[in-house]
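Here is the structure we will look at, set down as structure tokens.
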Amino acid sequence: MTDRVVTFHSVRKLYGSFQALSGLSFSINKGELYGLIGPNGAGKTTAIRVLTGLNRHSSGDVTVLGHQPQDPKLRPLLGYMPQETALYQDLSVEENLRFFGKLYDIPAVELNRRVNDLLAFVDLEKWRSHVITELSGGMRHRASLAAALIPKPRLLVLDEPTVGVDPELRANFWQRFSEMQRDGTTILITTHYMDEAMRCDRVGLINHGQLVIEGAPAQLIHDANVSNLEEVFLKLAKREAPQ
1 MTDRVVTFHS VRKLYGSFQA LSGLSFSINK GELYGLIGPN GAGKTTAIRV
51 LTGLNRHSSG DVTVLGHQPQ DPKLRPLLGY MPQETALYQD LSVEENLRFF
101 GKLYDIPAVE LNRRVNDLLA FVDLEKWRSH VITELSGGMR HRASLAAALI
151 PKPRLLVLDE PTVGVDPELR ANFWQRFSEM QRDGTTILIT THYMDEAMRC
201 DRVGLINHGQ LVIEGAPAQL IHDANVSNLE EVFLKLAKRE APQ
């Protein structure tokens, strides 16, 4: 795979005097499932917010599907599932999906089809008329995933999508992620779970806003001469912050 879907080159992000990203560089290829891992505060969510255009980077270059992050042309190509549920609490599951679909100017007939398909995909058909506040935490996560998929994105960005969910739902989510990748969707996921990182084609470990190491999980384990990815993580996450 040579087609680049995401490219970060020497990206810095400042919040006042605090440098959240310190020259971050990495790339994601078309069709990849790429995992971004690192300690709390390493810069993962900041990188996601820059990639999705929610925050502007201070310097460096970011390209997503051939566009700058703030380019309106990128919006229908990108699906984003944030850590916190970004759904309207007083709307039903179906109303949320239709609302987001209208933001993308999806024609009515096509939107009807997508809503029905996505409700089936995340197993919420029986809950379509329930408002978000009536759903369990796991159901809200599934509804959030459906909302991220409403534009049929070429790139799906998932910021710790399985935090706080039970093992059965985690397995359910990963089954769906695998299905989407097989259908050609490029996926970027941040996670603290090393078993999830092992499912990725490549992972990038960031710390102090910089890329520390990148590669296929099995290769990283081999190169570090350790027995699992968690040991790689613990070994490299101890590195000092750059001066």
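Under the numbering used here, residues 1 to 243 are what the sequence shown spells out, in order.
All residues carry an ideal CB built from backbone N, CA and C; glycine is no exception.
Next item on the list: Could you please give the first and the last residue of the uninterrupted alpha helix (DSSP H) stretch that includes glutamate 179?
Entry: The residue you call residue 179 lines up with position 179 of the sequence shown. Taken as a continuous stretch (DSSP letters only), the alpha helix (DSSP H) holding glutamate 179 covers 167-182.
Checklist line | Within 8 Å, strictly: CB atoms of isoleucine 206 and leucine 36 | finding: Mapped onto the sequence shown, residue 206 falls at position 206. Mapped onto the sequence shown, residue 36 falls at position 36. Yes; because the gap between Cβ atoms is below 8 Å, this pair is in contact.
Next item on the list: Could you check if threonine 162 is buried or exposed, using at least 16 other CB atoms within 10 Å of its CB as the buried criterion?
Entry: As a position in the sequence shown, residue 162 is number 162, starting the count at 1. That one is buried.
Checklist line | 7 Å Cβ shell around leucine 135 - same chain, five flanking residues per side excluded | finding: The sequence position of residue 135 within the sequence shown is 135, counting from 1. For leucine 135, where only same-chain residues beyond five positions count, the Cβ hits under 7 Å are Trp127, Ala143.
Check: For the 8 Å Cβ check, are there 3 or more pairs between the region 54-64 and the region 9-16?
Finding: yes
Check: Should proline 217 go down as buried or exposed, given a rule of 16 or more other Cβ atoms within 10 Å for buried?
Finding: For the purposes of this step, residue 217 is identified with residue 217 of the sequence shown, where counting begins at 1. Proline 217 is buried by the Cβ-count criterion.
Item checked: Residue interval of the alpha helix (DSSP H) (run including isoleucine 221) -> Residue mapping note: residue 221 aligns to position 221 of the sequence shown, counting from 1. Counting along the chain, the alpha helix (DSSP H) containing isoleucine 221 begins and ends at 217-224.
Notebook entry, point to check: If we call anything under 8 Å between Cβ atoms a contact, is isoleucine 150 one with leucine 97?
Noted result: Here residue 150 is taken as the residue at index 150 of the sequence shown, counted from 1. Here residue 97 is taken as the residue at index 97 of the sequence shown, counted from 1. It is a contact, given that the beta carbons lie within the stated cut-off.
Item checked: alanine 197 versus Phe177, Ala108, Asp71, Pro82, residue with shortest Cα-Cα distance -> Against the sequence shown, residue 197 aligns to sequence position 197. Alanine 197 has its Cα closest to that of Phe177, out of Phe177, Ala108, Asp71, Pro82.
Item checked: Contact under 8 Å by Cβ, leucine 54 with valine 64 -> Reading the sequence shown from its first residue, position 54 is the one you call residue 54. Reading the sequence shown from its first residue, position 64 is the one you call residue 64. Against a cut-off of 8 Å, the Cβ pair of valine 64 and leucine 54 comes out as no contact.
Next item on the list: Pair every Cβ in the region 84-99 with every Cβ in the region 110-122, then say whether three or more of these pairs are closer than 8 Å.
Entry: yes
Margin query: Could you check whether leucine 24 and glycine 209 sit closer than 8 Å to each other, using their CB atoms as the reference points?
Written below: Counted from its first residue, the sequence shown places residue 209 at position 209. Counted from its first residue, the sequence shown places residue 24 at position 24. Yes; because the gap between Cβ atoms is below 8 Å, this pair is in contact.
Next item on the list: Could you tell me whether the region 169-187 touches the region 150-159, using the rule of 3 or more Cβ pairs below 8 Å?
Entry: yes
Check: Which residues bound the beta strand (DSSP E) around isoleucine 187?
Finding: Residue mapping note: residue 187 aligns to position 187 of the sequence shown, counting from 1. Per DSSP, isoleucine 187 belongs to the beta strand (DSSP E) from 186-190.
Check: What did DSSP end up calling glycine 23 once you bin it into helix, strand or coil?
Finding: Stepping through the sequence shown from its first residue, residue 23 is reached at position 23. Note: glycine 23 maps to strand in three-state DSSP.
Notebook entry, point to check: Can you check whether the CB of leucine 87 is closer than 8 Å to the CB of alanine 148?
Noted result: Numbered from 1 along the sequence shown, position 148 holds the residue referred to as residue 148. Numbered from 1 along the sequence shown, position 87 holds the residue referred to as residue 87. Their beta carbons are not under 8 Å apart, which means alanine 148 does not touch leucine 87 by this criterion.
Notebook entry, point to check: Applying the criterion that 16 or more other CB atoms from any shown protein chain within 10 Å of the CB defines a buried residue, is threonine 133 buried or exposed?
Noted result: Your numbering for residue 133 matches position 133 in the sequence shown. Answer is exposed; the Cβ neighbour count stays below 16.
Notebook entry, point to check: According to the Cβ coordinates, are glycine 215 and leucine 169 closer than 8 Å?
Noted result: Here residue 215 refers to the residue found at position 215 when the sequence shown is read from its first residue. Here residue 169 refers to the residue found at position 169 when the sequence shown is read from its first residue. Result no, Cβ atoms of glycine 215 and leucine 169 do not sit closer than 8 Å.
Next item on the list: Just the C-alpha distance for threonine 191 and aspartate 201, rounded to the nearest angstrom, thanks.
Entry: If you number the sequence shown from 1, residue 191 lands on position 191. If you number the sequence shown from 1, residue 201 lands on position 201. C-alpha separation (whole angstroms): 14 Å.
Checklist line | Beta-carbon proximity list for glycine 101, same chain, < 6 Å, skipping 5 on both sides | finding: The residue you call residue 101 lines up with position 101 of the sequence shown. Leu111, Ile150.
Item checked: Proximity to methionine 194 [Cα-Cα], best of Asp71, Pro39, His130 -> Here residue 194 refers to the residue found at position 194 when the sequence shown is read from its first residue. Taking only the C-alpha atoms, the option nearest methionine 194 is Pro39.
Notebook entry, point to check: What residues in its chain sit with their C-beta under 7 Å from that of histidine 130, if we drop five residues either side in the sequence?
Noted result: To locate residue 130, count along the sequence shown from 1; it is residue 130. Answer for histidine 130: Ser92, Val93, listed in chain order.
Check: Whose C-beta lies closer than 6 Å to the C-beta of threonine 7 among residues of the same chain, with five residues either side of it excluded?
Finding: In the sequence shown, counting from the first residue as 1, residue 7 sits at position 7. Correct list, in chain order: Ser27, Thr63.
Checklist line | Where aspartate 254 sits in the DSSP three-state scheme | finding: It is not possible to answer for residue 254, since the shown part of the chain is limited to 1 through 243.
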